[in-house]
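Asks: Sharing a structure here in C-alpha cells format.
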Amino acid sequence: MSTKLERKSSLQANWLQFTFVMILVLGIFLRFVNLDKKVYWTDETLTSLRISGYTGVEVVDQLFDGRKINVEELQKYQRINPEVSFTETVKNLAIGNPHHPPLFYIMERFWVQWFGSSVTVTRSLSAILSLLVFPSVYWLCRELFQKPIFGWVAIAIFAISPFHILYAQEARQYSLWTATILLSSAALLRALRINDRKSWAIYTASTIFNLYTFLFSILVVVAHGIYVGIIEGLRVTNKVKAFIVSCLLIMLGFFPWLIVVVGQLNKINKATDWSAIPVGYSFLIKAWILHLVRLFFDIEFSWKNPLTYLSIPILVLVVYSIYFLCRKTPQKTWLFILTLICISFLPIVLADLFFGGRRSSISRYLVPYFIGIQLAVSYLLGVIIGNLSESLQQRKVWQIITVSIISLGIFSSVIISQAEVWWNKYTSVHHPYIADIVNRDIEPILVNFRGSLGYALSLSYLLDSKVQLRLYRNPDANYLPDESKNVFLLYPSRSLLKKLEQEEKYKIQLVYKPAKLWKLENN
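Going by numbering that gives the first Met the number 0, the first residue of the sequence shown is number 0, and it counts up by one from there.
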C-alpha cells in the first residue's frame, strides 16, 4: 500500500515539475514574441534619448520652433551620438534625469552600441533581464518556505503574470528592478540564516544594485530594516549589528547618486509633478483594485465585458492568501512578506491621500508590493498542490482554482502579445490611430502643439517618411497655416481653432476626437 502511495506521489511530483517547466517555457516565449509590435511609447523614447548622448533641452531647442522637419530628423535623436562619450552620457543623465539612477541606462547604452538601436534590440535587454526573476524568486521562496514546490509555483505565477510580461517587453528598468528586489530580499534572508561576512557582502552588493536601478528601492531597504529589527526582538544582536554595517556600506556605495538626487530635488519635483496632480478617491480605489487583478488577469476591463467579473474571485483569493500565510507560517516568514507589502505600498498611498496625487495609481511604482502579493498567493497554491492529506473534493476545488489562475494569466498574456497598444502605454495609446489617419494622405503635414518631446518621438516611429512635421512648445503658439491641402493639427488650442474658423478660406474638421486631431483644408 505504501509502495503504491509512494509511486503515485513520485508520478505526481514528476508531472507537476514537467507542468511548471512548460509554463516557464511559455512565459519566456511570451516575453520575446512580437517585441516590436507594441507602440514605442513616450517613456521608452526617453530611454533611447537618454542613452543616445543628446539631452532633452537641446532637442527641444533645435526642433520645437515651428519649422518643417521630417521624421528622420526626429529619429536621429533615438540613436547613439558617436561624438558624445559614455562618461558624458552618464553626466547628462545625472544633470537631466536625477530621478532615474543610471544602472539600467548604462546597460542599455552598451547593449544598443553592440547590437543596434531598433525597437526589438532596445526592448530585448529588458526581456533578457526579466529572466533573472526566475532564479531569484526560486531562491527567495526556498529561504522563506524551504520546500522546492513553493519556488516552482512562484516561478509559474511570475512567468505568466500579465504585469511582468508587459514590463519585460518595455525598454525601461522595471524588469531589472523586479529581479534586484527579489535578489536582495533572498540575500537578506540568507545573511540572517548564515550570518557570515560573505552572505552580508552579497546582500550589500545586491541592495546597491537595487538602489541604482530605481529610487523607490529605498522603501525595500526600510522594509528590510523593520523586519530585521522585529525578528531580533528590537535588541542590538550580532545580526542587527551586521545589518547596520551593511546599510552603512550600502549608503557609501549609493552616496555618489544620493548627492546628485539631493542636489537636484527641485528638478526631480518638477519632472514628477504630474504624479502629484490630485485625483478623486474613487479613481485611486479603482486603480488599487485593478493593480491586484492585473497581476493575474488583464483584459479591457469594463462593466459590459462579462470577464470583468472574474476580478471578484481574484481579489478574494489575494485576501485569503494573505490570511492563510499569516495563519500557517512562522512569524519570520509572514512578517517578511507583510513588511514588504505594507512598507512599499502604504507610504505612497498616504502621500496621495494627505497631499494629493496619483502616485499609488501608477503600477510600475508598486513592484515590491506586487512581489509580496504574488509570494502570498504562491504559498497558498503551493500548500494546496503539495498537500495529499486533503479530501478528494477539497483537492479538486483547489485544483480548479489553481488551473484557473494559471489559465487566466496565459489567456491574458497571449492577447497582450498580439496587441499594438495596452494600458501601460498611457500617453501613446492613440498614436497608431493618429499615424494611420495622417499616413493615408498625400504629402501630409502634421502640426503638433502638444509640446512634449517624448510624445513627438513616439509618433515618429509610426509616421511614414513622407510626413512632414511642425513642432510647437505649447498650443497657443503663433501658428501660420501651411499652403498644403493635407494639414493636420494635433492638440491645437481653442483660440487657434476659433481664429481659423473665422477665416473663410479654411475648413476645419475633427478627424480623431480622443487625441484632438483636426484636419485643416483650404476652401
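Beta carbons are placed, not taken as given, at the ideal position from N, Cα and C, and that holds for glycine.
Pick helix, strand or coil for Leu462, following the three-state DSSP scheme.
Replies: Three-state result, Leu462: coil.
Asks: Under 9 Å between the Cβ atoms of Gly355 and Ile284?
Replies: No, the pair does not count as a contact, with Cβ atoms beyond the cut-off.
Asks: Is the Cβ-Cβ distance between Asn209 and Val220 less than 9 Å?
Replies: Closer than 9 Å, so yes.
Asks: Quick check on Gln373: does DSSP put it in helix, strand or coil?
Replies: Residue state, collapsed to three classes: helix.
Asks: Taking Ser125 as the reference, which of Ser184, Leu34, Arg189, Ser403 has the closest Cα?
Replies: The shortest Cα separation from Ser125 among Ser184, Leu34, Arg189, Ser403 belongs to Leu34.
Asks: Are Tyr202 and Ser245 touching if we call contact CB-CB under 9 Å?
Replies: In contact: Tyr202 and Ser245 (Cβ atoms closer than 9 Å).
Asks: Between Ala170 and Arg122, is the Cβ-Cβ spacing less than 9 Å?
Replies: Yes.
Asks: Does the distance from the C-beta atom of Arg108 to that of Ile79 stay below 9 Å?
Replies: Result yes, Cβ atoms of Arg108 and Ile79 sit closer than 9 Å.
Asks: Which ranges does the alpha helix (DSSP H) cover as unbroken runs of at least 4 residues, wholly within the stretch 59-96, from first to last along the chain?
Replies: As far as the stretch 59-96 is concerned, its whole alpha helix (DSSP H) runs of at least 4 residues are 70-74, 85-95.
Asks: Given this structure, state the Cα-to-Cα distance separating Pro491 from Pro474, to the nearest angstrom.
Replies: Distance between the alpha carbons of Pro491 and Pro474: 5 Å.
Asks: Taking just the CA atoms, how far does Val227 sit from Thr236?
Replies: Their backbone Cα atoms lie some 10 Å apart in a straight line.
Asks: So the candidates are Val446, Pro480, Phe353; which of them puts its Cα closest to the Cα of Phe487?
Replies: Here the closest residue by C-alpha is Val446.
Asks: What do you get for Lys424, buried or exposed, if any count of 16 or more other CB atoms within 10 angstroms of its CB means buried?
Replies: By the 10 Å Cβ count, Lys424 comes out buried.
Asks: Can you give, in chain order, each stretch of the alpha helix (DSSP H) that sits fully within the stretch 118-155 and has at least 4 residues?
Replies: Segments of the alpha helix (DSSP H) lying fully in the stretch 118-155: 118-129, 132-144.
Asks: Quick check on DSSP: helix, strand or coil for Leu345?
Replies: Residue state, collapsed to three classes: helix.
Asks: According to the Cβ coordinates, are Arg469 and Gly115 closer than 9 Å?
Replies: No; because the gap between Cβ atoms is not below 9 Å, this pair is not in contact.
Asks: Ser198: buried (16+ other C-beta within 10 angstroms of its C-beta) or exposed?
Replies: Counting Cβ neighbours within 10 Å, Ser198 comes out buried, since at least 16 surround it.
Asks: For the stretch 260-333, list the alpha helix (DSSP H) runs that are entirely contained and at least 4 residues long, ordered along the chain.
Replies: Whole alpha helix (DSSP H) segments, 4+ residues: 264-270, 280-293, 310-327.
Asks: Name the two residues that bound the continuous beta strand (DSSP E) containing Leu470.
Replies: Residues 467-470.
Asks: State yes or no: is the C-beta of Ala158 within less than 9 Å of the C-beta of Ile27?
Replies: Taking 9 Å as the Cβ cut-off, Ala158 and Ile27 qualify as a contacting pair.
Asks: Cutting at 6 Å between CB atoms, please list the residues of its own chain near Pro513, excluding the five before and the five after it.
Replies: Cβ within range, chain order: His429.
Asks: Have a look at Ile207 and Leu92 and give me their C-alpha separation to the nearest angstrom.
Replies: Cα-Cα distance, rounded: 18 Å.
Asks: Give every residue of the same chain whose Cβ lies closer than 6 Å to the Cβ of Ala153, excluding the five residues on either side of it in the sequence, and list them in chain order.
Replies: Cβ within range, chain order: Val136, Cys140, Ser377.
Asks: Which residue wins for smallest C-alpha separation from Gln74, given the options Ser459, Tyr505, Phe31, Phe448?
Replies: That would be Ser459, whose Cα lies nearest to the Cα of Gln74.
Asks: Given that a residue counts as buried once 16 or more other Cβ atoms are within 10 Å of its Cβ, and exposed if not, what is Gly262?
Replies: So Gly262 ends up on the exposed side.
Asks: Mark Val382 as exposed unless 16 or more other C-beta atoms lie within 10 angstroms of its C-beta, in which case mark it buried.
Replies: The residue in question, Val382, is buried, as its Cβ has 16 or more Cβ neighbours within 10 Å.
Asks: How would you call Asp195, buried or exposed, if buried means at least 16 neighbouring beta carbons within 10 angstroms?
Replies: Exposed is the call here.
Asks: Please state whether the Cβ-Cβ distance between Leu131 and Thr212 is less than 9 Å.
Replies: Result no, Cβ atoms of Leu131 and Thr212 do not sit closer than 9 Å.
Asks: Give the straight-line distance between the Cα atoms of Ile313 and Leu339, rounded to the nearest whole angstrom.
Replies: Whole-angstrom Cα-Cα distance: 21 Å.
Asks: Should Pro346 and Leu214 be called a contact, given that it needs their Cβ atoms to be closer than 9 Å?
Replies: Contact flag unset, no.
Asks: Three-state secondary structure (DSSP) at Ser388?
Replies: Low local confidence applies: a pLDDT of 47 at Ser388 is under 50, so the model's placement there is unreliable, and no value is given.
Asks: Please classify Leu494 as buried or exposed, where buried requires at least 16 neighbouring CB atoms within 10 angstroms.
Replies: Checking the sequence shown, residue 494 turns out to be Ser, not Leu. Answer is exposed; the Cβ neighbour count stays below 16.
Asks: I need the straight-line Cα distance from Ser388 to Ile400, nearest angstrom please.
Replies: Here Ser388 scores only 47 on pLDDT, less than 50, and its place in the model is too uncertain to base an answer on.
Asks: Could you round the C-beta distance between Ser483 and Ile444 to whole angstroms and report it? I think they count as a contact, below 8 Å.
Replies: Correct: roughly 5 Å between the Cβ atoms.
Asks: Around the C-beta of Arg293, are 16 or more other C-beta atoms found within 10 angstroms, so that it is buried, or is it exposed?
Replies: So Arg293 ends up on the buried side.
Asks: Quick one: Cα of Phe17 to Cα of Ile156, how far?
Replies: Phe17 and Ile156: Cα-Cα distance of roughly 15 Å.
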